[in-house]
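Trainee:
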Amino acid sequence: MKPLALTFLLLPAAALAQPPNLDFLTNQVDGRTLRDMLPDYYRAQVKQHRRTSPATTAEFRKRFIEGMGGLPERTPLNARVVGSLARDGYRIEKVIFESQPGFHVTANLYLPATGKGPFPAILFPLGHESGGKAYPVWQQLLATFARRGYVAFAWDPAGQGERVQHWDEALGDSKVAPSTTEHTILGIQALVVGDAFAKYTIWDGIRALDYLLSRPEVDAKRVGITGNSGGGTHTAYIAALEDRLHVAAPSCFITSWQRLLETIGPQDAEQCIPGFLGHGFEHVDFIRAFAPKPYIVLSAIRDFFSLQGARSTYATATETYLAAAARDRISMAETDEGHGYTINNRLASYKWFDRWLKDADAPEGETPVPPALEAELACTKTGQVATSLGGETVYTLTRARARAIQTPAKPSLDDVRRFAQLRHETAVPPVRRYGVVRHGDLQIEKLIYETEPGIQIPAVTVTKLAASSAARPGVLLVSARGKAARWAEIEVLASAGATVLAIDARGLGETRPTEATKGGSWLNWFGDYDSAMTSVMLGTSLVSQRAADIQAGYRLLASMPGIDPKQIYGAGQGNAAPAVLHAAALVDFKSLLLDDMVASYRSIAEAPIHKGVFESIVPGAIRHYDLPGLAASIAVPVILVDPVSPMGQALTPAAAQDAYKSVPNVRIVSRAVEEPMARVYPQLLK
4 MKPLALTFLL
14 LPAAALAQPP
24 NLDFLTNQVD
34 GRTLRDMLPD
44 YYRAQVKQHR
54 RTSPATTAEF
64 RKRFIEGMGG
74 LPERTPLNAR
84 VVGSLARDGY
94 RIEKVIFESQ
104 PGFHVTANLY
114 LPATGKGPFP
124 AILFPLGHES
134 GGKAYPVWQQ
144 LLATFARRGY
154 VAFAWDPAGQ
164 GERVQHWDEA
174 LGDSKVAPST
184 TEHTILGIQA
194 LVVGDAFAKY
204 TIWDGIRALD
214 YLLSRPEVDA
224 KRVGITGNSG
234 GGTHTAYIAA
244 LEDRLHVAAP
254 SCFITSWQRL
264 LETIGPQDAE
274 QCIPGFLGHG
284 FEHVDFIRAF
294 APKPYIVLSA
304 IRDFFSLQGA
314 RSTYATATET
324 YLAAAARDRI
334 SMAETDEGHG
344 YTINNRLASY
354 KWFDRWLKDA
364 DAPEGETPVP
374 PALEAELACT
384 KTGQVATSLG
394 GETVYTLTRA
404 RARAIQTPAK
414 PSLDDVRRFA
424 QLRHETAVPP
434 VRRYGVVRHG
444 DLQIEKLIYE
454 TEPGIQIPAV
464 TVTKLAASSA
474 ARPGVLLVSA
484 RGKAARWAEI
494 EVLASAGATV
504 LAIDARGLGE
514 TRPTEATKGG
524 SWLNWFGDYD
534 SAMTSVMLGT
544 SLVSQRAADI
554 QAGYRLLASM
564 PGIDPKQIYG
574 AGQGNAAPAV
584 LHAAALVDFK
594 SLLLDDMVAS
604 YRSIAEAPIH
614 KGVFESIVPG
624 AIRHYDLPGL
634 AASIAVPVIL
644 VDPVSPMGQA
654 LTPAAAQDAY
664 KSVPNVRIVS
674 RAVEEPMARV
684 YPQLLK
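Per the numbering used here, the sequence shown starts with residue 4, numbered consecutively.
(1) Quick one: using the 10 Å Cβ neighbour count with 16 as the cut-off for buried, is residue 116 buried or exposed?
(2) Which residues in the same chain have their Cβ closer than 7 Å to the Cβ of residue 467, if we skip the five residues on either side of it in sequence?
(3) Along the chain, which unbroken stretches of the alpha helix (DSSP H) at least 4 residues long are found entirely within the stretch 180 to 256?
(4) Could you tell me which of 366, 269, 208 and 126 sits nearest to residue 225, measuring between CA atoms?
(5) Where do the N-terminal and C-terminal ends of the beta strand (DSSP E) with residue 494 fall, by residue?
(6) Is the CB-CB distance between residue 197 and residue 626 below 8 Å?
(7) So, for residue 397: in the same chain, excluding its five sequence neighbours on each side, which residues have a beta-carbon less than 6 Å away from its beta-carbon?
(8) Quick check on the DSSP output: the alpha helix (DSSP H) that includes residue 347 runs from which residue to which?
(9) Are the Cβ atoms of residue 587 and residue 595 separated by less than 8 Å?
(10) Give the list of continuous beta strand (DSSP E) stretches no shorter than 3 residues that lie fully inside the stretch 267 to 344.
(11) So, using beta-carbon positions, are residue 567 and residue 476 closer together than 8 Å?
(12) Mind checking residue 373: buried by the 16 CB within 10 Å criterion, or exposed?
(13) May I have the straight-line CA-CA distance separating residue 239 from residue 285, to the nearest angstrom?
(14) Mind checking residue 74: buried by the 16 CB within 10 Å criterion, or exposed?
(15) In this structure, does DSSP put residue 44 in helix, strand or coil?
(16) In the DSSP assignment, find the unbroken alpha helix (DSSP H) run with residue 651 in it and report its ends.
(17) Whole angstroms is fine: what's the gap from residue 490's alpha carbon to residue 665's?
(18) Would you call the stretch 293 to 306 and the stretch 325 to 338 in contact, with 3 or more CB pairs under 8 Å?
(19) Let me confirm a value: residue 171 is counted as buried when at least 16 other C-beta atoms fall within 10 Å, else exposed. Which label applies?
(20) Can we say the stretch 550 to 562 touches the stretch 604 to 624, given the rule of at least three CB pairs closer than 8 Å?
(21) With distances taken Cα to Cα, identify the nearest neighbour of residue 344 among 105, 234, 630 and 43.
(22) Closer than 8 Å is the cut-off here; do at least three beta carbon pairs connect the stretch 619 to 638 with the stretch 652 to 661?
(23) Between residue 12 and residue 662, what straight-line distance do the alpha-carbon atoms span, to the nearest angstrom?
(24) Under the three-state reduction of DSSP, which class applies to residue 673: helix, strand or coil?
(25) Identify which residue in 143, 261, 577 and 112 has its Cα closest to the Cα of residue 218.
(26) For residue 54, does the count of other Cβ atoms within 10 angstroms reach 16, so buried, or fall short, so exposed?
(27) Taking all protein chains shown into account, decide if residue 123 is buried (16 or more other Cβ within 10 angstroms of its Cβ) or exposed.
(28) Helix, strand or coil for residue 21? Go by DSSP, reduced to three states.
(29) Of the residues 631, 134, 667 and 106, which one's Cα is nearest the Cα of residue 412?
(30) Please report the straight-line C-alpha distance between residue 532 and residue 618, rounded to a whole angstrom.
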């Protein structure tokens with residue numbers, strides 16, 4: 004490997020008040036942009052985990068359900084019809100049922116106005132469009148099916164329509180709108196207890212099918228499922244899990260994970276199943292699990308879901324149908340339109356269902372349906388379950404799941420290592436050095452070390468120039484804001500006599516992906532969503548991966564000339580702090596300083612909403628340990644500076660002390676009442 008061609012200039016004395024540049028000026032290593040490193044790494048990981056042979060339907064379903072944290076118990080639906088509307092050629096019944104006790108689902112059942120049943124039926128999971136079941140395109144589809152002699156059933160997904168989960172009466176909307184943001188906030192909370200948000204949405208769909216099949220108007224031997232976007236997602240999900248469905252038609256969802264990672268990345272939490280990619284699964288596995296029953300992939304040429312991915316998945320799925328002598332039962336329709344259940348795909352859908360559920364040709368065209376108002380289709384008096392019925396939400400169900408878990412107060416470090424996938428390594432990582440500069444009485448060296456193939460960690464060492472030959476302590480410093488943002492802390496530690504190794508663990512600082520957020524609210528709520536969620540789908544976490552980077556940095560620092568390997572300290576800030584704490588389960592830090600760290604994983608499940616914590620969590624951790632317990636188990640002094648709430652706000656000193664009351668090796672420091680931070684960081688060395 005060729006070294007970087009960098010030029011370092013000696014700064015004049017007048018410029019020394021300015022922080023030095025701690026980043027690599029070209030932001031590249033061997034022609035690779037550091038900000039592209041993590042996306043490249045995850046794409047390679049997905050390829051590496053790809054199966055060489057298909058999973059059986061039984062294995063796929065088992066892993067799929069395990070990834071969601073299991074499915075809830077089947078309990079009474081307590082279904083009731085609360086109103087009806089007469090329309091031209093069909094009627095609509097307003098239905099409320101409980102998919103779980105107290106978890107109310109609002110739905111509309113479309114029935115033919117003429118003809119003799121039992122009729123074929125369509126289960127219709129919704130996409131993310133506003134208005135839930137009242138969205139005009141959904142009404143067009145549902146009414147057309149009813150006019151053509153089907154019973155069609157649609158329900159509001161959690162977070163949409165009448166089922167906004169974080170309803171705010173003053174706003175007249177969700178506190179965290181739009182629905183996909185709400186889904187992911189709830190999904191991250193579910194991950195804390197080892198569940199997925201899809202556990203709730205899929206179960207709603209399965210219970211909707213239970214209700215549909217309970218109706219005397221429905222022929223249980225002729226039931227199909229279709230939906231668009233998020234509804235296409237749940238069409239694929241539910242069809243893969245449910246033997247009671249006979250025909251499937253997902254619209255604007257099927258693509259491939261490889262193409263997703265190359266284009267738009269992981270979508271909201273309901274579309275991301277923990278461990279899915281780690282098990283080597285792909286979109287084609289949804290189709291294989293339904294084969295050889297009739298399946299049509301509905302795609303759009305101008306969709307943001309990759310058409311190339313859809314075509315590739317369809318071609319692979321066709322091989323399964325050919326092997327089953329059922330080639331005529333799989334098809335694909337493409338329309339030269341954008342994302343949506345647009346007219347051409349609707350026509351293809353009617354034709355497919357008529358062929359397989361009615362053994363007839365679909366009538367040509369589609370008669371426009373005047374849409375009903377959202378209020379007309381509402382099942383609740385106020386238009387919201389939250390204000391009309393109350394009951395459970397995904398948050399309250401998750402909180403109850405968390406409260407039922409007895410987290411060990413002082414877990415075994417072996418258990419932590421095993422569950423968090425923390426692997427102990429002993430080798431010093433390969434290093435490339437890029438030059439040395441002086442900054443006043445400090446010496447700065449830039450270097451890059453390799454944690455694993457594809458992961459390059461940019462770093463600097465900062466040492467005070469001194470004549471003493473005594474071995475110096477070392478400090479490994481990692482900040483969520485990147486090493487360049489922590490010069491004040493680096494300078495004060497180096498001036499106190501330590502050699503500081505400041506690193507940008509993967510996804511931080513210079514290695515932060517260029518498109519690390521989904522923009523707008525995603526930036527505010529979730530941080531580097533793509534990296535964190537892809538890690539979860541691979542069956543691991545950013546915390547565990549960053550802990551590996553920190554462990555490698557520890558070994559590098561301990562190997563440096565002039566460093567006392569028995570006096571190495573760890574410092575972490577923000578979302579990097581949990582990774583430093585986890586790394587302490589692997590290496591012998593003499594003490595730790597953890598700054599702006601979320602106080603506990605349990606607090607995320609307890610809080611109604613959270614912000615910026617996704618990069619800090621290990622899914623399912625509270626079943627084995629929590630951050631206070633981990634701090635207790637490592638049994639070295641820990642300075643905890645302003646631990647924060649799930650919303651990122653510093654806890655009061657009393658609340659912080661309460662969170663760590665059973666951890667005697669932790670000392671809480673509050674910026675509001677303690678010394679300036681320039682005095683706090685050197686206390687790490689005492």
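No residue lacks a Cβ here, since even glycine has one placed at the ideal position from N, Cα and C.
Quick caveat: nothing in here was measured; it's all calculated off a predicted structure.
Mentor: Per the coordinate set shown:
(1) exposed
(2) 444, 445, 497, 498 and 500
(3) 182 to 195, 201 to 217 and 233 to 244
(4) 126
(5) Looking at the DSSP string, residue 494 is not in any beta strand (DSSP E); the run it does join, the alpha helix (DSSP H), is 490 to 498.
(6) yes
(7) 161, 168, 189 and 203
(8) 346 to 356
(9) yes
(10) 298 to 303 and 333 to 338
(11) yes
(12) exposed
(13) 12 Å
(14) exposed
(15) helix
(16) Unbroken run through residue 651: none, as it is neither H nor E.
(17) 34 Å
(18) yes
(19) exposed
(20) no
(21) 234
(22) no
(23) Low local confidence applies: a pLDDT of 33 at residue 12 is under 50, so the model's placement there is unreliable, with the coordinate-based value given in what follows. In a straight line, the C-alpha of residue 12 is about 48 Å away from that of residue 662.
(24) coil
(25) 112
(26) exposed
(27) buried
(28) coil
(29) 631
(30) 8 Å
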